[in-house]
Amino acid sequence: MKGELKMFKLLKGGNKPSLLAAIVNTFIALLKMGAYLITGNVAMFAEMMHSFGDAANQFFVFIGSALSKKAPTPRFPNGFGRVVNLVCLGAVLIVGVLSYETIKEGIHHFLHPVETSGIAIVLGVLAISVVLELFVFYKAGKEILHEVGAEGKGVSVFTKSFTHLNQAKPATKLVYMEDFVATSGGILAIIAVLISYVTGFHKAEGIASVMIGLMMFYVVGRVFLENARGAIGETDEEMRAHISKIILKDENVKDIKSLNVVKEGESLHVETSLEVDHTLTVAEADDIRDRLSLLIYAQKDVSDVVIYFDEDNMTTDWQPLH
């Protein structure tokens, strides 16, 4: 019972946009599957594969983001922050396979185009899908703005969230990018179906399928590289510069010997060695450590702070970061 309660608490802390996206995309994928089975439309096939891939990804990302918040244990003293990066790496492999299948089917339809029936069903399902994907995309944009401490309403959510995309947490960024591609792909599929129906150029659906697959591959590449860096442990240069300024404002700190700010999943781990006057007592050094730790912990996403002291060597080693 206690284990179930702990798991429930962990899941409550998971990335909310990814859970919403998983639920919505599962519904959309089932709609598209029904439409594809009825009509045999290749653009609908591409969209169905895309939605199933997104739903699976976003569900795993939600679980990974929740597990990444699990407290350190004696066996894993450094915590589980990088779990979300590992999950995202696994998730993009699923998208990669589905991207390949989407492109392959698109090429086949381009080389051997056939007319599909059920235009009303296809367009209706695609229109519903675009609206739902746009809703999830908007929610992911709102979450990005919340994470970076910015505000936005209406259309400005889309523009502002895009400018802050690189500052978003890995799970939110993955959802945002996938739903951007999903929304764009849905609109592209609608255009291709209309061209095929109005002009008789049935290869348009195959072209759309290939383009959707290529957009999916772009997400795979970008998310893979970003989460590979996160899994290894990447320095957050912007926060490193910010924390160095906080430390140097303390009158008892003579210099910074070293400062590492490493991003692990959604958390930042700070480790620094500071130079202080050699005449300070242990109690005074502890006061400095406590004071600086409180200030650093108050910064966004900082989850661990380690501070060492060394005597002042009377030489300025630290070069200001910009």
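Numbered as in this note's numbering, the sequence shown ends at 469 without a single skipped number.
Even glycine gets a Cβ: it sits at the ideal position worked out from N, Cα and C.
Check                                                                                                                                                                  : Outcome
Since Leu-245 and Phe-192 should fall inside the 8 Å C-beta cutoff, what is the C-beta to C-beta distance between them, to a whole number of angstroms?                : Actually they do not touch by this definition, with Cβ atoms about 11 Å apart.
May I ask you to list the residues that DSSP assigns as paired with Asp-402?                                                                                           : Glu-422
Quick check: the Cα distance between Asn-232 and Tyr-323, rounded to an integer number of angstroms?                                                                   : 16 Å
Nearest to Leu-167 by CA position, among Glu-290, Ser-440, Ser-356 and Val-417, is which residue?                                                                      : Glu-290
If I measure Cβ to Cβ from Met-362 and keep anything under 7 Å in the same chain, skipping five residues before and after, which residues do I get?                    : Val-328, Ser-331 and Gly-332
Taking the beta strand (DSSP E) that Phe-227 belongs to, which residues open and close that run?                                                                       : Run containing Phe-227: none; DSSP gives neither H nor E here.
Have a look at Asn-399 and Ile-435 and give me their C-alpha separation to the nearest angstrom.                                                                       : 8 Å
Give the single residue among Leu-406, Lys-163 and Thr-428 whose Cα lies nearest to the Cα of Val-453.                                                                 : Leu-406
Assess, as a yes-or-no matter, whether the stretch 205-218 is touched by the stretch 311-326 under the definition of 3 or more beta carbon pairs within less than 8 Å. : yes
When DSSP labels each residue in this structure, what does Asp-448 get in the three-state scheme?                                                                      : coil
Got a sec? Which residues, its chain only, sit under 7 Å from Lys-179 by beta carbon, not counting five neighbours each side?                                          : Met-191, Glu-194, Met-195, Ser-198, Val-272 and Ser-276
Grab the span of the alpha helix (DSSP H) containing Gln-314 for me, first residue to last.                                                                            : Premise fails: Gln-314 is in no alpha helix (DSSP H) and is neither H nor E.
Start and end of the alpha helix (DSSP H) containing Gln-205?                                                                                                          : 189-214
According to DSSP, simplified to helix, strand and coil, what is Leu-439?                                                                                              : helix
Suppose the cutoff is 6 Å on Cβ atoms and the five residues either side in sequence are ignored; what does the same chain contact list for Val-230 look like?          : Gly-211, Leu-214 and Ser-215
Are Ala-162 and Phe-209 close, meaning C-beta to C-beta below 8 Å?                                                                                                     : According to the sequence as given, residue 162 is Asn; it is not Ala. Yes, the Cβ-Cβ distance between Asn-162 and Phe-209 is below 8 Å.
Could you check what DSSP says for Lys-410 in three-state terms: helix, strand or coil?                                                                                : strand
State the Cα-Cα distance for the pair Ala-109 and Ala-355, rounded to the nearest angstrom.                                                                            : As displayed, the chain neither begins before 148 nor continues past 469, which places residue 109 out of reach and without an answer.
Less than 7 Å between C-beta atoms, sequence neighbours within five positions excluded: which residues of the same chain meet that for Thr-186?                        : Thr-263, Ser-264, Gly-265, Ile-268 and Val-269
Report yes if the C-beta of Leu-421 is less than 7 Å from at least one heavy atom of the ligand GTP; otherwise report no.                                              : The ligand GTP is absent from the structure shown, which contains no ligand whatsoever.
State yes or no: is the C-beta of His-389 within less than 8 Å of the C-beta of Pro-260?                                                                               : no
Among residues of its own chain, excluding the 5 on either side of Phe-227, which ones have a beta-carbon nearer than 7 Å to its beta-carbon?                          : Leu-214, Ser-215 and Lys-217
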